[in-house]
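Everything on this sheet refers to the single structure shown next.
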Amino acid sequence: MNLNTIVEVKRPRSFEEIEWRDGHAWLAGGTWLFSEPQVATDTLVDLERLGWPALTATPAGLEIAATCRIVELHDFKGPVEWRAVPLFGDCIDAFLMSFKIWNAATVGGNVCMSLPAGAMISLTAALEGVCTLWPRDGKPREVPVVDFVTGNHQNVLQKAELLRSIHLPASALARRYAMRQVSLTHLGRSAALIIATVGDGGADFLLTISAATPRPVHLRFGKTPSAAELREAIDERLPPDAWFQDVHGSAPYKRHVTYYLAEQLRAELA
Ligand SMILES: Cc1cc2nc3c(=O)[nH]c(=O)nc-3n(C[C@H](O)[C@H](O)[C@H](O)COP(=O)(O)OP(=O)(O)OC[C@H]3O[C@@H](n4cnc5c(N)ncnc54)[C@H](O)[C@@H]3O)c2cc1C
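Structure follows, in structure tokens:
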């Protein structure tokens, strides 16, 4: 849609040249920004010309620029020892998308939207991603993705702060994984997106619950838990009022499918 409050689009080539004031908003792919009126915004600051490389693989892991497009992440081929790379495509397929979102939306835009059904949040939280944030004044800071999102459409970003990148450690990329996603309707928004990863020999089992809860939740076990241990840990961490209720599923439904899917993941990886 046309945003008739916008009077200027700035296209800076460096972070330093940006003079921020109230009414500015970062523009990434624009798929959400242009989907509804932005009455408090008069200037868009386009991130594209900052020219960040989309994906940088090193022995330490994968650096995903905030401006990396969904389609670029989908096309990434990692070294064979990064067994979790196919999870990129699995999560991208779980994302309710049009042609426009596929080609224009960015990983950073999805994470900064901080919606429960943000599939890039599910992916990067499950793979133990760490965000690098650039505050307006001050040194860059690092925040794990699982702590970056604090609620439905809420996160730790301060005014004018920019998400620069997300680092996925090689150790997480090398783990075995399993994933399940469920929606109330065919191709609908996720009601639950659950991912488990595990180290060799069943050590260090990590369950990431997302979409069913307002923010991603990690449950970590020294070794693959039993079915009863897993269910007990979910109950302990997530009481009945901790589940996210919306038109894509009631809280009791999301809780129920989370037990069901988490047990499937546990059995698959055991
Ligand atoms: C039909 C439709 C279906 C959708 N389905 C889903 C869905 O299933 N799940 C879901 O999560 N979302 C969904 N969305 C919302 C949105 O399109 C996606 O979240 C998308 O990934 C946003 O990415 P973008 O690059 O287009 O962000 P933009 O629209 O450019 O920006 C989104 C927000 O993040 C801020 N922002 C962007 N990049 C940064 C950055 N690097 N640092 C700080 N702030 C930043 C912007 O200022 C803005 O507030 C949907 C939207 C539409 C129109």
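Heads up, the sequence shown is in our numbering, so the first residue is 3 and it goes up one at a time. Backbone N, C-alpha and C fix where the C-beta goes; we use that ideal spot for every residue, glycine too. Given the structure is predicted, the values throughout are model-derived calculations rather than measurements.
(message) As an exercise, report each continuous alpha helix (DSSP H) stretch of at least 4 residues that is fully enclosed by the region 102-184, in chain order.
(response) As far as the region 102-184 is concerned, its whole alpha helix (DSSP H) runs of at least 4 residues are 109-115, 121-128, 147-150 and 172-175.
(request) Could you pull out every residue in the same chain whose Cβ sits closer than 6 Å to the Cβ of GLU50, ignoring the five residues on either side in sequence? (result) No residues qualify anywhere along the chain.
(message) Which of the three DSSP states is assigned to THR7 in this structure?
(response) Secondary structure of THR7 (DSSP, three-state): coil.
(message) Using a 10 Å radius around the Cβ and a threshold of 16 neighbouring Cβ atoms, would you call GLY53 buried or exposed?
(response) The residue is exposed, with fewer than 16 neighbouring Cβ atoms inside 10 Å.
(request) Compare the beta carbon distance of ARG44 and THR7 with 7 Å and say whether it is the shorter of the two. (result) Checking the sequence shown, residue 44 turns out to be Asp, not Arg. With respect to the 7 Å criterion, ASP44 and THR7 are classified as neighbours on the basis of their beta carbons.
(message) Let's test the definition: count the other Cβ atoms within 10 Å of the Cβ of LEU35 and tell me whether it reaches 16, buried, or not, exposed.
(response) Taking every protein chain shown into account, the CB of LEU35 has 16 or more other CB atoms within 10 angstroms, so this residue is buried.
(message) Is THR33 close to ligand 1? I mean its beta-carbon at under 6 Å from any heavy atom of the ligand.
(response) At a cut-off of 6 Å, the beta-carbon of THR33 counts as near ligand 1: some heavy atom of the ligand is closer than that.
(request) Give the straight-line distance between the Cα atoms of SER37 and ILE103, rounded to the nearest whole angstrom. (result) Our two residues, SER37 and ILE103, have alpha carbons roughly 11 Å apart in a direct line.
(request) Rank ARG217, PHE97, GLY251 and GLN247 by C-alpha distance to the C-alpha of ARG239 and give the top, closest one. (result) Among ARG217, PHE97, GLY251 and GLN247, the Cα nearest to that of ARG239 is on ARG217.
(request) Drop a sphere of 10 angstroms on the beta-carbon of GLU65, count the other beta-carbons inside from all chains shown, and report buried for 16 or more, exposed for fewer. (result) By the beta-carbon neighbour count (other beta carbons within 10 angstroms, threshold 16), GLU65 is buried.
(request) Verify the contact flag: SER16, CB atom, against every heavy atom of ligand 1, threshold strictly below 6 Å. (result) For ligand 1, not one heavy atom lies less than 6 Å from the Cβ of SER16.
(request) Can you tell me which of LEU267, PRO14 and ALA172 puts its alpha carbon nearest to the alpha carbon of PHE207? (result) Residue LEU267 is the option with its Cα nearest to PHE207.
(message) Assess contact between the region 244-260 and the region 185-199, defined as three or more Cβ pairs (one per stretch) separated by less than 8 Å. Is contact present?
(response) Taking a cut-off of 8 Å for Cβ pairs, the region 244-260 and the region 185-199 touch, as three or more such pairs fall below it.
(request) Look up ASP24 in the DSSP assignment and say whether it is helix, strand or coil. (result) Looking at ASP24 - three-state DSSP - the assignment turns out to be coil, as it is neither helix nor strand.
(request) Decide yes or no for the touch test of the region 119-133 against the region 78-97: beta carbon pairs closer than 8 Å, at least 3 of them. (result) Below 8 Å, enough C-beta pairs join the region 119-133 and the region 78-97 to call them touching: three or more.
(request) Output yes or no for whether 7 Å exceeds the beta carbon distance between TRP28 and ALA176. (result) No.
(message) Is there a C-beta anywhere in chain E that falls below 7 Å from the one on GLY80?
(response) Within the model displayed, chain E is absent; a lone protein chain is all it includes.
(message) For ALA174 and ALA42, I'd like the C-alpha separation in whole angstroms.
(response) Between ALA174 and ALA42, the C-alpha separation is close to 40 Å.
(message) Mapping the DSSP letters down to three states, classify THR45 as helix, strand or coil.
(response) In the structure shown, the three-state DSSP call for THR45 is strand.
(message) Considering only their Cβ atoms, is the gap separating ALA107 from GLY31 smaller than 7 Å?
(response) Yes, the Cβ-Cβ distance between GLY31 and ALA107 is below 7 Å.
(request) Please list the segments of the alpha helix (DSSP H) lying wholly inside the region 42-97, counting only runs of 4 or more residues, in order along the chain. (result) Those alpha helix (DSSP H) runs which fall completely within the region 42-97 and span 4+ residues are 72-76 and 88-95.
(message) Does VAL109 pass the burial test, meaning 16 or more other C-beta atoms within 10 Å, or should it be called exposed?
(response) Label assigned to VAL109: buried.
(message) Can you list, in chain order, the residues of its chain with a C-beta nearer than 6 Å to that of ALA198? Leave out the 5 residues immediately preceding and following it.
(response) Cβ-Cβ distances below 6 Å link ALA198 to ALA180, LEU209, LEU267 and LEU271 in the same chain, with the five nearest sequence neighbours on each side left out; the list follows chain order.
(request) Could you tell me which of ILE211, ALA193, ARG222 and ARG191 sits nearest to VAL200, measuring between CA atoms? (result) Of the residues ILE211, ALA193, ARG222 and ARG191, the one whose Cα lies closest to the Cα of VAL200 is ARG222.
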